[in-house]
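To start, the structure itself, in structure tokens.
Protein chains: 2
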Amino acid sequence: MSDATLENDVIEPPCSKKIKIEEQNENGVSNVQLELKDFVPVKVLNNNTNRKTVCIQGTFRDKSGVALVLLEKNAFKGEELDDKGYFAIDTKLRTFFQNDIYGNFECYPRSEINGVKTTIIYPATEKHIAKFSQQEVHIILETPELYRKLTLPYIEKEQFNLQWVYNILEGRSEQDRIVYDNKCEREGFVLVPDLKWDGITKETLYLLAIVRQRGIKSLRDLNESHLPLLKRVRDEGKKAIYSKYKVCGSQLRVYLHYQPSFYHLHIHFTYLKHEAPGIHAERSHLLDAVIDNLTMSGHHYQLASLPFTVREMDPLFSSYESDGHVARVNQPDK
Amino acid sequence: MSDATLENDVIEPPCSKKIKIEEQNENGVSNVQLELKDFVPVKVLNNNTNRKTVCIQGTFRDKSGVALVLLEKNAFKGEELDDKGYFAIDTKLRTFFQNDIYGNFECYPRSEINGVKTTIIYPATEKHIAKFSQQEVHIILETPELYRKLTLPYIEKEQFNLQWVYNILEGRSEQDRIVYDNKCEREGFVLVPDLKWDGITKETLYLLAIVRQRGIKSLRDLNESHLPLLKRVRDEGKKAIYSKYKVCGSQLRVYLHYQPSFYHLHIHFTYLKHEAPGIHAERSHLLDAVIDNLTMSGHHYQLASLPFTVREMDPLFSSYESDGHVARVNQPDK
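Read top to bottom, the protein sequences are chains A and B.
The working numbering puts the first sequence at residues 1 to 334.
The working numbering puts the second sequence at residues 335 to 668.
Rendered as structure tokens:
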């Protein structure tokens, strides 16, 4: 999956998932036997050459409606790397060049050991197409004035539903998933595996700390009065993760997103070796740096200009565009 | 290639490259016909499940010396995505499950269209093995005191050779590669394509701005007096990149590394859509944020605690380890 895709998958309420499926049921689809040979590709929506994923829009022969095919090259598995797998006698090798001790080749293992993860969405809605389409992304530098003038009204207008967060905090859902719980209303938090993580594989460790205190929308709202809360999340979060998953604190990336995907303060914990989506400098702020900035200046995040990335299809982009702070790609006025 | 590998490749003096090759020639190797079926794997040094790369250490049957085999799944090519490629009749499809409109499968295209980039290094030196080995990485929070006590002595002791930088600035080398040149000794800089970039493919755009002013080792040395220089790099750099490559400023990620790979101030420009190595929050600082911090507090970077990542094999790690600020993985005292 591309970053964009994963970004859209950040924690989603079970309820909204259910609703989504029900909507999709209204397409009136029962299980149909799909065959790749019947797929007629129309357009490549997204091709991530780093992660080796691609999403293709098309149709199925003799079937109505749009279909999406997502392909992802599989990661290498240890058991394939032997004389029955990649180093078997039937692996073909094409030589590009050999120079001194370096040789460049392309090898062709037999197809059974070189599978490609394949996801088919059929019929796909406009929402699916938008979600999997490569988006033009821009960086915007949000001054405190622009936050008040454009971002804050957007947050208030969009009225993000936080009920699912409160359900977790009040013990109404996902209780079996909770890794650590500090029930203090002011400085407490709940630590849960992120939905993108299987909860087992150390290499891809990803947890979320959701604070109990309500009304802290994002980094922008943080001031020195939140330092005890933030330090508690950092210290108790690291301790809980070490005792349960044996990953030490110095190997954890602990950070906040700006803009966040939902406006109730939460902190991400990922394994340093894992290239999780959304860890890039334009979106992530290390908790240690946040604590340091607030210690030096209690109102740092009310005074600072904060960069954030936004896709052209997002409503927030339109607000900044119509106010003249960013222009779409392929516009003369750039 | 894994991030670790690419990180090691950040601009390297032509001279040192040459020396390296000469060292390797001393292994006295002429071109030998290598066959994957003769490769005897001993150890997986590195397996990047995001980028689908793996590096295996082993030997070749009836040959002496260590060999490294690097495998990388190829990214998808547009021309493969048709009824002669992935959607051909001979592509096998295995069904995992189908749920409503979502179906999960694994497909097995015929091997010719599913090649694997293969690099063989034989014989490989200890340096190669270290370079391609997955390293245990840690985050260290560097206070101003720790910078003076441990990091600065390390920088001074290592005596990084900057001659190749001065060669570029003084027009003795890479002049054909220069994209933009502002000759002001105090606020000028040279803009060159990064060695990791082919200089053509817009999707992977990556340039470096190297400032003319000497003696600015890193982010740590920056203060308000450098604001005119930094703003000039940002504004003139974006302008030069737009006029030459037609990538607009709002789609550029402009940032500094801490720790940098060499201690002469340089600023990275990458295309926002490109997941370049080293853009993660634990290493990269957006130039806009740096300028904003210096505007709010002229000595921000002399007062701030700065996180940086370090691998257990690096000498800097040892300094912090022996001073008790970080511990190796698999040590009791964690």
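Even glycine gets a Cβ: it sits at the ideal position worked out from N, Cα and C.
Beta-ladder partner(s) of residue i, from DSSP
| i | result |
| --- | --- |
| Cys297/B | Residue numbering for chain B in the displayed model covers 335 to 668; residue 297/B lies beyond these limits and cannot be assessed. |
| Phe421/B | DSSP output for Phe421/B lists no bridge partner at all. |
| Arg311/A | Val137/A |
| Ile121/A | Leu68/A, Tyr436/B |
| Tyr384/B | Correcting the residue identity first, residue 384/B is Asn in this sequence and not Tyr. According to DSSP, which records beta bridges pairwise, Asn384/B is partnered with nothing at all. |
| Lys43/A | Gln57/A |
| Val640/B | The sequence given here places Leu at residue 640/B; Val does not occur at that position. Leu640/B is bridged to Glu476/B. |
| Ser284/A | His257/A |
Member of the options whose CA lies at the smallest distance from the CA of residue i
| i | options | result |
| --- | --- | --- |
| Phe410/B | Asp396/B, Gly392/B, Pro443/B | Pro443/B |
| Ser261/A | Phe160/A, Lys231/A, Ala130/A | Phe160/A |
| Trp498/B | Asn557/B, Ser507/B, Lys491/B, Asp424/B | Ser507/B |
| Val44/A | Lys371/B, Ala610/B, Asp416/B, Asn627/B | Asp416/B |
| Asn114/A | Leu405/B, Val513/B, Ser398/B, Ile473/B | Leu405/B |
| Val69/A | Gly85/A, Thr119/A, Leu93/A, Val233/A | Thr119/A |
| Tyr154/A | Phe317/A, Val326/A, Val329/A | Phe317/A |
| Leu66/A | Gln259/A, Val329/A, Gly249/A, Ile121/A | In the sequence on display, residue 66/A carries Val and not Leu. Comparing Cα-Cα distances from Val66/A to each of Gln259/A, Val329/A, Gly249/A, Ile121/A, the minimum goes to Ile121/A. |
| Thr538/B | Ile101/A, Asn48/A, Phe87/A | Asn48/A |
| Phe96/A | Phe105/A, Lys238/A, Arg283/A | Phe105/A |
| Cys582/B | Asp569/B, Lys483/B, Ile625/B, Lys465/B | Asp569/B |
| Ser467/B | Tyr481/B, Leu503/B, Cys389/B | Cys389/B |
| Leu169/A | Asp198/A, Tyr147/A, Arg214/A | Arg214/A |
| Cys441/B | His608/B, Tyr597/B, Arg428/B | Arg428/B |
| Gln636/B | Thr477/B, Ala610/B, Ile575/B, His591/B | Thr477/B |
| Met630/B | Asp288/A, Ser305/A, Ala289/A, Ile89/A | Ser305/A |
| His598/B | Lys461/B, Asn501/B, Pro457/B, Thr387/B | Asn501/B |
| Ser111/A | Ile140/A, Lys73/A, His257/A, Ala240/A | Lys73/A |
| His472/B | Tyr255/A, Gln135/A, Lys231/A, Lys273/A | Lys273/A |
| Leu368/B | Leu286/A, Tyr206/A, Phe87/A | Phe87/A |
| Arg566/B | Lys517/B, Ser653/B, Val663/B, Leu496/B | Lys517/B |
| Leu370/B | Arg587/B, Ala623/B, Phe394/B | Phe394/B |
| Ile178/A | Glu136/A, Glu145/A, Leu207/A | Leu207/A |
| Ser322/A | Tyr255/A, Tyr245/A, Thr125/A, Lys149/A | Lys149/A |
| Asn293/A | Arg212/A, Val42/A, Leu222/A, Leu229/A | Leu222/A |
| Gln259/A | Lys244/A, Tyr147/A, Glu275/A | Tyr147/A |
| Arg316/B | Lys451/B, Glu521/B, Glu492/B | Since the first residue shown for chain B is 335 and the last is 668, residue 316/B is missing from the structure and cannot be characterised. |
| Ala209/A | Lys127/A, Leu256/A, Gly298/A | Leu256/A |
| Ile463/B | Arg662/B, Val376/B, Val660/B, Ile423/B | Val376/B |
| Val450/B | Lys52/A, Tyr102/A, Gly78/A | Lys52/A |
| Lys157/A | Gly324/A, Ala327/A, Ser319/A | Ser319/A |
| Asp434/B | Asp90/A, Gly58/A, Ala124/A | Ala124/A |
Enclosing alpha helix (DSSP H) for residue i [first to last residue]
| i | result |
| --- | --- |
| Lys483/B | That residue, Lys483/B, is in no alpha helix (DSSP H); it is neither H nor E in DSSP. |
| Asn627/B | 621 to 630 |
| Lys37/A | Premise fails: Lys37/A is in no alpha helix (DSSP H) and is neither H nor E. |
| Ile463/B | 460 to 466 |
| Tyr635/B | 634 to 637 |
Enclosing beta strand (DSSP E) for residue i [first to last residue]
| i | result |
| --- | --- |
| His602/B | 600 to 605 |
| Leu71/A | 67 to 73 |
| Phe60/A | 53 to 60 |
Note to self: Using a Cβ distance threshold of 8 Å, determine whether the region 190 to 204 of chain A contacts the region 259 to 277 of chain A, with at least three qualifying pairs required.
What the structure shows: yes
Check: Which runs of the alpha helix (DSSP H) spanning at least 4 residues fall entirely within the region 160 to 224 of chain A, listed in chain order?
Finding: 163 to 169
Checklist line | the region 641 to 657 of chain B contacting the region 313 to 324 of chain A, beta-carbon criterion three pairs below 8 Å | finding: no
Next item on the list: Counting only runs of 3+ residues fully inside the region 574 to 598 of chain B, write out the beta strand (DSSP E) ranges in chain order.
Entry: 586 to 591
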